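First the structure, in the form of structure tokens, and then the observations on it.
Numbering (this note's numbering), first residue to last: 110 to 481.
Right, dumping it as structure tokens:
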């Protein structure tokens, strides 16, 4: 089943950190080469470290988000051809960060901020040309409540084009530019839940025993086995169904007792913030499938080194996998990735190479004696 979702950016949530500490802590992160590498590199070896650090409390997660935002603005300026950022442009960026931290603040000296930015730029330039040109930004960290002891994964698409993402349950998501999605690392609760900001097209793996929920600002969509498009803009949101059916209800309502709308193929359910009601209509235009799903929906390997399979898994699921490359250097495997859940794929791999896997707060660990 396929889903297209659009949602406007979530409102800013303030964290109660003293003003001077906010600046100093963000400053420290921006000067940390490990942090810069993690933000700019989807395969960063420091991913587990920062995920665990962010999962400790909400303050850490907020600080990472603010520092990441500054880095991405610097990178955007670089992509737009501004190789040399002027003092005025830099100060504008920093003013934006200051405004988000607190509405009223005694500004620090421009010299201090220029030093901070110069160090950030130096850290970015120190990365390889590949990292600077891929346009990929995978951010993994704590976000909201946990279904278990594993952290949530936050995926942000900083590309100019749509990005294909595989969820742990086997579902596929095409994230539009600027879209962000969060979900539990295992997705093994009674519900499969994702929170979305931006636009996305979902192809959800069917599992009647574990319903799939998408949360936007005003609407909750329960997937009953279908493909559909969700649009959220301003005070109006809508759900247009391509195949199957979905159940739509207002956020904050109990699905079991509320007057949920069942939306069928070629129907659209509209939400009006003015009247706070859901209205179902029929539409005639054909709902397209996201281009990313047409290009590729799975990856196939034939007698391939285990190392290459693991690297592909890390990119697909935005989850770091820890293993001893030397131990498994002699392991080769034939497998297709993308049609099963992450755990099903891991079971096939570990049975094939006589290994075991485990989930931790920051990713997956693979252990075994190897194939030599």
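In this text, a Cβ means the ideal position worked out from N, Cα and C, and glycines have one as well. Small disclaimer: the values here were computed from a predicted structure and weren't measured.
Using DSSP with H/G/I as helix, E/B as strand and the rest coil, what is residue i?
i, result
"residue 428", "coil"
"residue 468", "strand"
"residue 353", "strand"
"residue 143", "helix"
"residue 313", "coil"
"residue 157", "helix"
"residue 257", "Below a pLDDT of 50, predicted positions are generally treated as unreliable, and residue 257, at 39, falls in that range; no measurement from the model is reported."
"residue 460", "helix"
"residue 271", "coil"
"residue 383", "coil"
"residue 300", "coil"
"residue 412", "strand"
Buried or exposed: residue i, going by 16 or more other Cβ atoms within 10 Å of its Cβ?
i, result
"residue 361", "exposed"
"residue 314", "buried"
"residue 311", "buried"
"residue 289", "buried"
"residue 465", "exposed"
"residue 392", "exposed"
"residue 280", "buried"
"residue 409", "exposed"
"residue 456", "exposed"
"residue 137", "exposed"
Take residue i as the anchor and find which of the options has the nearest alpha-carbon.
i, options, result
"residue 156", "143, 168 and 420", "143"
"residue 263", "422, 175, 280 and 304", "304"
"residue 134", "376, 174 and 461", "174"
"residue 388", "177, 357, 292 and 478", "357"
"residue 468", "452, 291, 457 and 479", "452"
"residue 265", "141, 283 and 287", "287"
"residue 139", "165, 182, 444 and 268", "182"
"residue 132", "374, 145, 171 and 322", "171"
"residue 267", "324, 302 and 285", "285"
Just confirm the distance between the C-beta atoms of residue i and residue j, as a whole number of angstroms; I'd bet it's less than 8 Å.
i, j, result
"residue 331", "residue 319", "The Cβ separation is near 12 Å, so there is no contact."
"residue 348", "residue 372", "6 Å"
"residue 446", "residue 474", "19 Å between Cβ atoms; not a contact."
"residue 294", "residue 277", "7 Å"
"residue 442", "residue 432", "No, residue 442 and residue 432 are not in contact; Cβ-Cβ is about 13 Å, not under 8 Å."
"residue 444", "residue 458", "7 Å"
"residue 147", "residue 153", "4 Å"
"residue 487", "residue 309", "Residue 487 lies beyond the range of the chain shown here (110 to 481); nothing can be said about it."
Please confirm if the segment 381-392 is in contact with the segment 410-420, defined as three or more CB-CB distances below 8 Å between the two stretches. With the cut-off at 8 Å, the segment 381-392 and the segment 410-420 do not touch.
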